[in-house]
Amino acid sequence: MTGYWKKSVRRSFGSAAVLVLAACSVAAQAASYTMFRDPNCGCCEAWAAHVREELSAEVAVQNSADMAAIKDREGVPGELRSCHTMIVGGYVIEGHVPAADIARLLRERPAGVEGLAVAGMPIGSPGMEMGGRTQPYQVVAFGKAGRTVFNTYKGS
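Numbered according to mature numbering (1 follows the signal peptide of the UniProt record, and there is no 0), the sequence shown spans residues -30 to -1, 1 to 126.
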């Protein structure tokens, strides 16, 4: 290959890579984010702010006095439940799932996955920051086929 063609090919691959990354970012931004929360819970708004900031997303917040009914309707397994539930891009996001994991889910769209969950309210997860303290926790992917660990966060 001549120098001209090598430069052209490199430029084309570079442009394609930029377009792919931009498309992934736009996909995360373009999705509709709706969070259901108990109006008496304080950490849910902090988590929604994390999603807004990290994903440049608009998050609609709906208060509900019957969160169990929402979780039942959306198929959130009992042992994976937390304080808030989000619907985005056809997926269920339960609890304090980091925005990076939501973006990855929307980008990769793994087969058989219906949602992600962080069970409980682990200290140090998004929306549950308490100084520099952190607890270890896992982001679990769930669906009709079962469950798998999607990501692991180590505590301090």
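Cβ atoms here follow ideal geometry from the backbone N, Cα and C, with glycine treated the same way.
Nearest-angstrom Cα separation, counted from Gln108 out to Asn121: Taking the first residue of the sequence shown as position 1, residue 121 is located at position 151. Taking the first residue of the sequence shown as position 1, residue 108 is located at position 138. Cα to Cα, Asn121 sits roughly 6 Å from Gln108.
In chain order, what residues of the same chain have a beta carbon less than 6 Å from the beta carbon of Leu(-10), not counting five sequence neighbours either side? Within the sequence shown, the letter at position 21 stands for residue -10. Any reading at Leu(-10) must be qualified, since the residue scores a pLDDT of 40, below 50, and its modelled position is unreliable; the value itself is stated next. Counting only Cβ-Cβ distances below 6 Å, and skipping sequence neighbours, we find nothing.
Quick one: what's got a C-beta closer than 6 Å to Pro9's C-beta in the same chain, skipping five residues either side? Position 39 of the sequence shown, counted from the start, is the residue given in the question as residue 9. Cβ neighbours of Pro9 beyond the five flanking positions: Asn33.
With a 10 Å radius around its C-beta and 16 neighbouring C-beta atoms as the bar for buried, classify Thr4 as buried or exposed. Along the sequence shown, one-based indexing puts residue 4 at 34. Classification for Thr4: exposed.
When you compare only the Cα positions, how much space is there between Cys13 and Ala30? By one-based count along the sequence shown, residue 13 stands at place 43. By one-based count along the sequence shown, residue 30 stands at place 60. When rounded, the distance between both Cα atoms is 16 Å.
What residues are listed by DSSP as bridge partners for Val58? Locating residue 58 in the sequence shown gives position 88, counting from the first residue. As computed with DSSP, Val58 is found in a beta bridge with Tyr3 and Tyr61.
Glu15 beta carbon near the ligand HEM (any heavy atom closer than 8 Å): Looking at this structure, you won't find the ligand HEM or any other ligand, since it has none at all.
Okay, do the segment 76 to 84 and the segment 92 to 100 touch, 3+ Cβ pairs below 8 Å being the bar? Too few Cβ pairs lie closer than 8 Å, so no.
Please report the Cβ distance between Thr104 and Gly125, rounded to the nearest whole angstrom; I am assuming they are in contact, meaning their Cβ atoms lie under 8 Å. In the sequence shown, the residue the question calls residue 104 occupies position 134. In the sequence shown, the residue the question calls residue 125 occupies position 155. The C-beta distance from Thr104 to Gly125 rounds to 5 Å, short enough to fall under 8 Å.
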